[in-house]
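Student:
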Amino acid sequence: MVGSTFADSGADLQLVGIRKTFPGFTAIEELDLTIPAGSFFALLGPSGCGKTTTLRLVAGLEQVSDGRILIGGTDVTTVKAHKRPVNTVFQSYALFPHMTVLENVAFGLRRRGIGDPAGKAHEALKLVELDHLAGRKPGQLSGGQAQRVALARAVVNRPALLLLDEPLGALDLKLRRQMQLELKSVQGEVGLTFLHVTHDQEEAMTMADTVAVMNKGRIEQLGAPQELYELPRTAFVATFLGQSNLFAGEVVSSDDRLTIVQVADTRLSVPTARTHRRSGHIVIGVRPEKLFLHTSPVESDSAVDAIGPGRVLDVSFSGVSTSYLVSVPGFGEVTVFAQNLVSGPVARVGDEAWLSWNIEHGFGLEDEALPDSAIDSIDRSLGQEGAHAASASSDRAE
Ligand code: ATP
């Protein structure tokens, strides 16, 4: 039964044929999603893609225009927000300023008449390692501590489903990284189902077992973080989740093992198991850290794809690695991340360079490359203007 019962363990969440329209605007086109009980699931996407709307629908703060929501197999589509076995942690902590930390955490339990609210609140505070501050007021806490109290306050209710809406957004980078690990370990300990909404790809990949990449009210791809990163299906996923070098070309031949693609005057090989198209026009990609930069021509090797010569346009040193931007005729601007195994960069701006990668690292997309305007908007959403690797616009690649 749903109602006010709260769970000992997480429940699964099913979204079936969800659509959400606001007057004159469709925020969610069509959403079908199953989140298994006890998993840490991240909904990742740029601003405005419909993440928060999805969360609000699950919480019961908005009503669906179409479709059904099931929690633990029970249809809650028309159940009121406070009757759903769901708690939400928002970016703003919304703690009661006049109450102590302990009273804040125990508040929900007291209101629902649950036994031993103080004991349970202490347990929850221990989980987030803040029991020693139980007597403080929220105004005497740091941002990270306040967010941990907000988490304890949500977890203490044992919701079958915990919704996290950019909960770490207000924290500085270092604290954010630390809290990501803590949140993940709390989830592992309590075994509840976590649905986390974020536009931070690193955060989603670090914490979640499963990531769904959302774009314009639809899920473009869903899977384990590594799977999405290694084998993006669409240009949007390849560009939003990490950086990609994308090249547009024509399939020359394809057998069970390899698909050969002509890009400008070069033939490249992609494992057929890693490509979504086997004929006609295709966009292929390779991640910047999979590339090797050479200062002389690359010897021919059937296991290796090689392009060049190109010209080094930019070298940027960032401690653990150096990022090179290389302009290769017919391929556009290609980004290479090289680990700093030697001191100092191996090439300088203006140098001639060749690039190579193991053919096992290439991937072939299902769709066309994104227009530059779409890439700019992803970069703006990620707050890293100009940071993305080359797009495969046809004027560059053909
Ligand atoms: P952000 O990361 O910026 O919060 P988001 O992916 O969470 O973005 P949503 O808040 O779900 O995005 O909004 C999705 C779209 O729906 C946006 O274009 C937004 O302007 C629109 N939208 C949200 N709420 C309403 C509303 N009440 N009325 C009209 N349009 C709305």
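Following the working numbering, the numbering of the sequence shown begins with 2 at its first residue and continues without gaps. Note that beta-carbon positions come from the ideal geometry of N, C-alpha and C, so glycine has one too. Nothing here was measured: the structure is a model prediction, and the numbers come from that model.
#1: Can you give, in chain order, each stretch of the beta strand (DSSP E) that sits fully within the stretch 221-303 and has at least 3 residues?
#2: Throw me the rounded Cβ distance for the Leu236 and Leu366 pair, which I believe falls under 8 Å.
#3: Please indicate yes or no: does the CB of Thr240 lie closer than 7 Å to some heavy atom of the ligand ATP?
#4: May I ask you to check if the CB of Ser255 is nearer than 7 Å to at least one heavy atom of the ligand ATP?
#5: Return the first residue and the last residue of the beta strand (DSSP E) that Pro24 is part of.
#6: Here's a check: name, in chain order, each residue in its chain whose Cβ is nearer than 6 Å to the Cβ of Gly331, leaving out the five neighbours to either side.
#7: Pick helix, strand or coil for Ser186, following the three-state DSSP scheme.
#8: Can the beta-carbon of Gly73 be found closer than 8 Å to that of Ala12?
#9: Between Phe364 and Ile285, how many whole angstroms is the CB-CB distance? I'm expecting something under 8 Å.
#10: Assuming Ile19 and Asp67 form a contact by the criterion Cβ under 8 Å, report the distance between their Cβ atoms to the nearest whole angstrom.
#11: Return the residue from the list Gln179, Ser357, Thr89 and Asp132 that minimises the CA-CA distance to Ser301.
#12: Glu334 lies in the beta strand (DSSP E); which residues open and close that run?
#13: Ends of the beta strand (DSSP E) at Thr194?
#14: Between His197 and the ligand ATP, is the CB less than 7 Å from at least one heavy atom?
#15: How is Leu366 classed by DSSP in three states: helix, strand or coil?
#16: Below 8 Å between beta carbons: does that hold for Asp306 and Leu269?
#17: Would you give the residue range spanned by the beta strand (DSSP E) that Met208 belongs to?
#18: If we call anything under 8 Å between Cβ atoms a contact, is Leu126 one with Asp132?
#19: Alpha carbons only, please: which of Val287, Gln263 and Arg275 is nearest the one belonging to Asn246?
#20: Across which residues does DSSP place Asp306 in a beta bridge pair?
#21: Around the ligand ATP, which residues pass a check of Cβ closer than 6 Å to any of its heavy atoms?
#22: Would you list the residues sitting across from Thr1 in a DSSP beta bridge?
#23: On the DSSP bridge list, what partners appear for Ile70?
#24: Which of helix, strand or coil does DSSP assign to Arg219?
#25: Please name the residue in Gly145, Tyr230, Pro86 and Arg177 whose C-alpha comes closest to that of Ala155.
#26: Count the other C-beta atoms from every protein chain shown that fall within 10 angstroms of the C-beta of Gly140, then say buried if there are 16 or more, exposed otherwise.
#27: Assuming Ile308 and Thr276 form a contact by the criterion Cβ under 8 Å, report the distance between their Cβ atoms to the nearest whole angstrom.
#28: Mapping DSSP to helix, strand and coil, what is Asp117?
#29: Could you tell me the distance, in whole angstroms, from the CA atom of Val271 to the CA atom of Leu184?
#30: Looking only at its chain, what residues have a beta carbon closer than 6 Å to the beta carbon of Leu56, apart from the 5 residues adjacent to it on each side?
#31: Buried or exposed, going by whether 16 or more other CB atoms sit within 10 Å of the CB of Arg349?
#32: So who's on the other strand from Val327, going by DSSP bridges?
#33: When you compare only the Cα positions, how much space is there between Arg137 and Met206?
#34: Once the 5 residues before and after Met208 are set aside, which same chain residues still bring their CB inside 7 Å of it?
Tutor: The relevant details are as follows:
#1: 246-255, 259-264, 267-272, 282-287 and 293-295
#2: The count along the sequence shown starts at 1 and reaches residue 236 at position 235. The count along the sequence shown starts at 1 and reaches residue 366 at position 365. Position check: residue 236 holds Ala in this sequence, whereas Leu was assumed. Contact holds; Cβ gap of about 6 Å.
#3: In the sequence shown, the residue the question calls residue 240 occupies position 239. No.
#4: Counted from its first residue, the sequence shown places residue 255 at position 254. Checking the Cβ of Ser255 against the ligand ATP gives no.
#5: The residue you call residue 24 lines up with position 23 of the sequence shown. From DSSP, Pro24 is part of no beta strand (DSSP E); its letter is neither H nor E.
#6: Counting from 1 along the sequence shown, the entry for residue 331 is found at position 330. Around Gly331: Ala265.
#7: For the purposes of this step, residue 186 is taken as residue 185 along the sequence shown, with counting starting at 1. Ser186: helix per DSSP, three-state reduction.
#8: Taking the first residue of the sequence shown as position 1, residue 73 is located at position 72. Taking the first residue of the sequence shown as position 1, residue 12 is located at position 11. For Gly73 and Ala12, yes; Cβs fall inside 8 Å.
#9: Locating residue 364 in the sequence shown gives position 363, where the first residue counts as 1. Locating residue 285 in the sequence shown gives position 284, where the first residue counts as 1. So it is a contact: roughly 7 Å between Cβ atoms.
#10: As a first step, residue 19 is located in the sequence shown; it is residue number 18 there, counting from the start. As a first step, residue 67 is located in the sequence shown; it is residue number 66 there, counting from the start. Sure, about 7 Å apart at Cβ, within 8 Å.
#11: Stepping through the sequence shown from its first residue, residue 301 is reached at position 300. Nearest C-alpha to Ser301: Ser357.
#12: The residue you call residue 334 lines up with position 333 of the sequence shown. Gly333 to Gln340 is the span of the beta strand (DSSP E), which, as asked, contains Glu334.
#13: Translated into the one-based positions of the sequence shown, residue 194 becomes position 193. It spans Thr194 to Thr199 - the beta strand (DSSP E) in which Thr194 sits, taken as one unbroken run.
#14: Start at 1 with the first residue of the sequence shown, and residue 197 comes out as number 196. Because no heavy atom of the ligand ATP lies under 7 Å away, the Cβ of His197 does not count as near it: no.
#15: Within the sequence shown, numbered from 1, the residue matching residue 366 stands at position 365. Leu366: coil per DSSP, three-state reduction.
#16: Locating residue 306 in the sequence shown gives position 305, counting from the first residue. Locating residue 269 in the sequence shown gives position 268, counting from the first residue. The answer is yes: Cβ separation under 8 Å.
#17: Counting from one through the sequence shown, the residue named residue 208 turns up at place 207. Counting along the chain, Met208 falls outside any beta strand (DSSP E), though it belongs to the alpha helix (DSSP H) covering Gln202 to Met208.
#18: For the purposes of this step, residue 126 is taken as residue 125 along the sequence shown, with counting starting at 1. For the purposes of this step, residue 132 is taken as residue 131 along the sequence shown, with counting starting at 1. Cβ atoms of Leu126 and Asp132: closer than 8 Å.
#19: The residue given as residue 246 occupies position 245 in the sequence shown. Here the closest residue by C-alpha is Val287.
#20: For the purposes of this step, residue 306 is identified with residue 305 of the sequence shown, where counting begins at 1. Asp306 pairs with Trp358.
#21: Phe23, Phe26, Ala28, Gly46, Ser48, Gly49, Cys50, Gly51, Lys52, Thr53, Thr54 and His200
#22: Residue 1 lies beyond the residue range present for the chain, which begins at 2 and ends at 399; the question has no answer from this structure.
#23: Position 69 of the sequence shown, counting from 1, holds the residue named residue 70. Leu16, per the DSSP bridge assignment.
#24: Walking along the sequence shown from the start, residue 219 turns up at place 218. Arg219: strand per DSSP, three-state reduction.
#25: Translated into the one-based positions of the sequence shown, residue 155 becomes position 154. Closest option to Ala155, Cα to Cα, is Pro86.
#26: Residue 140 sits at position 139 when you count from the first residue of the sequence shown. Gly140 comes out exposed.
#27: Stepping through the sequence shown from its first residue, residue 308 is reached at position 307. Stepping through the sequence shown from its first residue, residue 276 is reached at position 275. No, Ile308 and Thr276 are not in contact; Cβ-Cβ is about 18 Å, not under 8 Å.
#28: Position 116 of the sequence shown, counted from the start, is the residue given in the question as residue 117. Three-state DSSP puts Asp117 in coil, outside helix and strand.
#29: For the purposes of this step, residue 271 is taken as residue 270 along the sequence shown, with counting starting at 1. For the purposes of this step, residue 184 is taken as residue 183 along the sequence shown, with counting starting at 1. Taking the straight line joining both Cα atoms gives about 38 Å.
#30: In the sequence shown, the residue the question calls residue 56 occupies position 55. Leu164, Asp166 and Val198.
#31: To locate residue 349, count along the sequence shown from 1; it is residue 348. Classification for Arg349: exposed.
#32: Here the question's residue 327 lines up with position 326 in the sequence shown. Partner(s): Val313 and Val335.
#33: On the sequence shown, position 136 is the one that residue 137 refers to. On the sequence shown, position 205 is the one that residue 206 refers to. When rounded, the distance between both Cα atoms is 34 Å.
#34: By 1-based counting over the sequence shown, the position of residue 208 is 207. Only Phe41, Ala43, Gln181, Leu184, Lys185 and His197 meet the Cβ criterion.
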